[in-house]
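Residue numbers (our numbering): 17 to 169. Where is the CB? At the ideal position from N, CA and C, for every residue including glycine. Heads up, the thing below is written out as structure tokens.
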Amino acid sequence: MGSEAGRALFAGAGTLVAALAVLTWQTVRIPGHAPHRVVAELRLAQAAAVLLAFSAAFVAGLAASAPGPVAAFDMACAVLVAGVALMTLVRDPRAALAWIAAAFLGRAVLDLAHLLGWLPRVAGDAVLTGSLVANLCAAALCVLPLSRTPIRR
Numbered sequence: 017m018g019s020e021a022g023r024a025l026f027a028g029a030g031t032l033v034a035a036l037a038v039l040t041w042q043t044v045r046i047p048g049h050a051p052h053r054v055v056a057e058l059r060l061a062q063a064a065a066v067l068l069a070f071s072a073a074f075v076a077g078l079a080a081s082a083p084g085p086v087a088a089f090d091m092a093c094a095v096l097v098a099g100v101a102l103m104t105l106v107r108d109p110r111a112a113l114a115w116i117a118a119a120f121l122g123r124a125v126l127d128l129a130h131l132l133g134w135l136p137r138v139a140g141d142a143v144l145t146g147s148l149v150a151n152l153c154a155a156a157l158c159v160l161p162l163s164r165t166p167i168r169r
């Protein structure tokens, strides 16, 4: 990743995932039975939704520069991911975190498909690998608070 844009992309993704990690750490420190745990989960879900929307915009940007049918497929994936991010803003925080984690996992699978050649390349290996790692980390950070306490019914 020798370009200035590549370094900025790497630094931005790292910073946003680190911020999500701090919110996750703050959330899991709160006991599951504490009333303010729900507020912490809501803040985490909202921050993760914003990061997911950024991830969707990243896919849309790659799709805009790709030729042929892969552009339409990637753009449809971007719209789907953005829709999930928007939908989670009106969901229960724990359900929102599960939906967001699934969407980040889906984004990672899309990056992996491009990396393995199952879909045409839309960016360099370093960019796709960085995106894959960032999406997997974000998915794990969204799941971690869910695994620490059982889902309330």
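Exposed unless 16 or more other CB atoms sit within 10 angstroms - verdict on residue i
i       : result
Arg-169 : With a pLDDT of only 48 at Arg-169, under the threshold of 50, the placement of this residue in the model should not be trusted; the figure read from the coordinates follows. It counts as exposed.
Trp-115 : buried
Gly-48  : exposed
Residue j beta carbon less than 8 Å from that of residue i
i       : j       : result
Leu-135 : Val-100 : no
Leu-102 : Ala-61  : no
Val-97  : Ala-119 : yes
Arg-107 : Ser-71  : no
Leu-39  : Arg-59  : yes
Leu-152 : Asp-141 : no
Boundaries (first-last residue) of the alpha helix (DSSP H) holding residue i
i       : result
Arg-110 : 109–132
Pro-85  : 85–103
Val-44  : 20–44
Whole-angstrom distance between residue j and residue i, CA atom to CA atom
i       : j       : result
Ala-155 : Leu-126 : 14 Å
Val-44  : Gly-30  : 21 Å
Val-159 : Ala-79  : 28 Å
Trp-8   : Cys-93  : The question about residue 8 has no answer, for the chain in this structure spans 17 to 169.
Leu-162 : Val-138 : 34 Å
Ala-50  : Leu-128 : 39 Å
Min CB distance residue i to chain D below 8 Å
i      : result
Val-55 : No chain D appears in this structure, which consists of one protein chain only.
Meets three-Cβ-pair contact criterion under 8 Å: the stretch 22–41 and the stretch 75–89: no
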